[in-house]
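If you read the sequences in order, they're chains A and B. The first sequence lines up with residues 2 to 233 when you count with the working numbering. The second sequence lines up with residues 464 to 624 when you count with the working numbering. Quick reminder that beta carbons are idealized off the backbone N, C-alpha and C, glycines included.
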Amino acid sequence: MVQIALNGLRVEVDEGMTILEAARFYGIAIPTLCYLEGLSPYGACRLCLVEIGSPGQSKLVTSCTYRVEEGLIVRTDSDWVIKRRKMLIELYLATCPSSKVIQDLASKYHVTSVRFTPWYEDCILCGLCVRMCAEQMQGKAIGFAHRGSNRKVTTPFDKESEVCRLCGGCMYVCPACQSRCQGPQEEQPVCNACLNLQQPCLDYFDDKMCFMDPCVACELDTNRELKVKRRL
Amino acid sequence: MSRQLSDVEDVLQNALNKHGLSVVPLLQEIQEHFRYLPEEVLRMLSRKTGIPLIEIYHAATFYNSLSLTPRARHQIKICAGTTCHIRGGGKLIEEIFQVLGIRPGEITPNGEFMLETVNCLGCCAFAPAMVVDGKYYGNLTPGEVRKILSKLRERAALMEK
Ligand code: SF4
Ligand code: SF4
Ligand code: SF4
Ligand code: FES
Ligand code: FES
Numbered sequence: 002m003v004q005i006a007l008n009g010l011r012v013e014v015d016e017g018m019t020i021l022e023a024a025r026f027y028g029i030a031i032p033t034l035c036y037l038e039g040l041s042p043y044g045a046c047r048l049c050l051v052e053i054g055s056p057g058q059s060k061l062v063t064s065c066t067y068r069v070e071e072g073l074i075v076r077t078d079s080d081w082v083i084k085r086r087k088m089l090i091e092l093y094l095a096t097c098p099s100s101k102v103i104q105d106l107a108s109k110y111h112v113t114s115v116r117f118t119p120w121y122e123d124c125i126l127c128g129l130c131v132r133m134c135a136e137q138m139q140g141k142a143i144g145f146a147h148r149g150s151n152r153k154v155t156t157p158f159d160k161e162s163e164v165c166r167l168c169g170g171c172m173y174v175c176p177a178c179q180s181r182c183q184g185p186q187e188e189q190p191v192c193n194a195c196l197n198l199q200q201p202c203l204d205y206f207d208d209k210m211c212f213m214d215p216c217v218a219c220e221l222d223t224n225r226e227l228k229v230k231r232r233l
Numbered sequence: 464m465s466r467q468l469s470d471v472e473d474v475l476q477n478a479l480n481k482h483g484l485s486v487v488p489l490l491q492e493i494q495e496h497f498r499y500l501p502e503e504v505l506r507m508l509s510r511k512t513g514i515p516l517i518e519i520y521h522a523a524t525f526y527n528s529l530s531l532t533p534r535a536r537h538q539i540k541i542c543a544g545t546t547c548h549i550r551g552g553g554k555l556i557e558e559i560f561q562v563l564g565i566r567p568g569e570i571t572p573n574g575e576f577m578l579e580t581v582n583c584l585g586c587c588a589f590a591p592a593m594v595v596d597g598k599y600y601g602n603l604t605p606g607e608v609r610k611i612l613s614k615l616r617e618r619a620a621l622m623e624k
């Protein structure tokens, strides 16, 4: 067991855990794109970054690959982290606006505009499918090929694989394969439909009367209030 | 593929004896024999060693020095950078077309020469410049290019004998 400070909370965690595992164990959410429980960490999407170290000498690290150590100070939602995370989400939005996973992250983190021209990739190179195939399906049917801006996930020689068993595991974990909801704003690079949800009940009751727990609309609204408060 | 199957087996076995299961040296060895990495040979390598084909393909596409398509015996790179262009690089390309009949990006039908252009070879002081099989030539005139090419051809003819 080692002691770490998690968002100001003194907690004990197992040695060898990553910061991400420790945070999730204590119920603190850290967004990820290239991490999935049961697959080896990859450290590629940078979305899971957190701030470590005492103020003034702190730095950002990817929590999915960084292991806890005695006395480690971790802040998972500092201004610095949030700012970087939002920037990353904006970049991913521009890369792959058709992904529901990325659109949901945008809504969750209040990313409401994209300053880059969207280029509609159908893969964000998170490598989840490759690891799923190799580590859980014992397939090794797909992998990365080429490099630089030509890097892509494919089968050997871009031909039908001889070892793929068509289990579908790769598609199941792919964040880009889940298409976003088909709303009226389908053409926009940002969806944000969930972000703009109104609590449907407010016209009738005030929130004390409500027995819906949890309510997505309420939750989003409280988050929004908290965020606004923090910014003030 | 013009080679016999047992030939390929020999090449693979040799490479394996030399390099064990390290993918990149294996591929380099194979490329030396065939001048590129034929798909069938890579598939055989995978079957023989149990190395997943995707790992082999990954390495084969990652390194610029490895090629999945046939390469010419001699790689000619003509500089198309600004300095070389001003100092007559275009004339060299024209000369090569006169001698070999190929434009940048093409291979001679006998697989002997391939011509490419690059954007600045980093030796502008010797412009116009070209690189043949890794050897640099500078301050070139079309006449000199002609000479270098015919020397390479003579040598190739000797080796055939
Ligand atoms: S409507 Fe909500 S859940 Fe659907 S893509 Fe938009 S933000 Fe995500
Ligand atoms: S469907 Fe094929 S490529 Fe995808 S995880 Fe399964 S075996 Fe691998
Ligand atoms: S295909 Fe999907 S899972 Fe695979 S690397 Fe691309 S985005 Fe990730
Ligand atoms: S989840 Fe840590 S870098 Fe992607
Ligand atoms: S422009 Fe040809 S070497 Fe620089």
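With fewer than 16 other beta carbons inside 10 angstroms of its own, residue 564/B counts as exposed.
Under DSSP, residue 74/A shares a beta bridge with 6/A. Look at residue 594/B: its beta carbon is at least 7 Å from all of the heavy atoms in ligand 3. Contact between residue 508/B and residue 523/B is absent: CB atoms are separated by about 10 Å, not below the 8 Å threshold. Counting the other Cβ atoms within 10 Å of the Cβ of residue 113/A gives fewer than 16, which makes it exposed.
Interface with chain B (8 Å Cβ-Cβ cutoff): residue 146/A is included. Chain-order list of chain B residues neighbouring residue 45/A: empty, with the shortest C-beta distance near 15 Å, by a criterion of under 7 Å.
Here residue 580/B has 541, 543, 567 as same chain residues with Cβ atoms under 6 Å from its own Cβ, once five neighbours each way along the sequence are excluded. Identification of chain A residues near residue 512/B by a Cβ-Cβ cut-off of 7 Å yields none; the smallest Cβ-Cβ distance measures about 13 Å.
If only complete runs of 3 or more residues are kept, the stretch 36-109 of chain A shows the beta strand (DSSP E) at 50-53, 60-63, 74-76, in order along the chain.
Distances between the C-beta of residue 176/A and the heavy atoms of ligand 3 include at least one below 7 Å. A residue is called buried once 16 or more other Cβ atoms fall within 10 Å of its Cβ, and residue 577/B is buried on that count. Sorted by chain position, residues whose beta-carbon lies closer than 6 Å to a non-hydrogen atom of ligand 2 are 133/A, 134/A, 138/A, 140/A, 142/A, 143/A, 165/A, 166/A, 167/A, 168/A, 169/A, 170/A, 171/A.
Interface annotation for the stretch 512-526 of chain B against chain A: 515, 516, 517, 518, 519, 520, 521, 523, 524, 525, 526, criterion Cβ-Cβ distance under 9 Å. Residue 593/B has 541/B, 600/B as its beta-bridge partners, per DSSP. Note that the C-beta distance between residue 94/A and residue 190/A is below 8 Å. When CB distances to chain A are screened at a threshold of 9 Å, the residues of the stretch 479-503 of chain B falling below it are 502, in chain order. If you ignore the 5 residues before and after residue 152/A, its C-beta comes within less than 7 Å of the C-beta of 126, 145, all in its own chain and listed in chain order. For residue 576/B, the uninterrupted beta strand (DSSP E) run begins and ends at 576-581, by DSSP.
The C-alpha of residue 574/B is placed about 7 Å away from the C-alpha of residue 536/B. Pairing residue 174/A with residue 133/A, the inter-Cα distance amounts to about 8 Å. For residue 494/B, the number of other beta carbons within 10 angstroms of its own is at least 16, and it is reported as buried.
Neighbours of residue 142/A in chain B, taken as residues at a C-beta separation under 8 Å, are given in chain order as 517. For residue 89/A, the distance from the CB to the nearest heavy atom of ligand 3 is not below 7 Å. At least one CB of chain B lies nearer than 8 Å to the CB of residue 157/A. Under the 10 Å beta carbon count, residue 2/A is surrounded by fewer than 16 other beta carbons and is classified as exposed. Between residue 109/A and residue 52/A, the alpha-carbon positions lie close to 20 Å from each other.
Taking non-hydrogen atoms of ligand 4 into account, the C-beta of residue 587/B is found less than 7 Å away from none of them. Residue side-chain check: residue 45/A places its Cβ nearer than 7 Å to a non-hydrogen atom of ligand 4.
Residue 117/A: not part of any alpha helix (DSSP H); DSSP gives it neither H nor E.
Rounded to whole angstroms, the separation of the alpha carbons of residue 601/B and residue 615/B is 17 Å. If the five residues before and after residue 569/B are omitted, its C-beta is found closer than 8 Å to the C-beta atoms of 577, 578, all from its own chain and listed in chain order. In this chain, the beta strand (DSSP E) harbouring residue 144/A covers 144-146.
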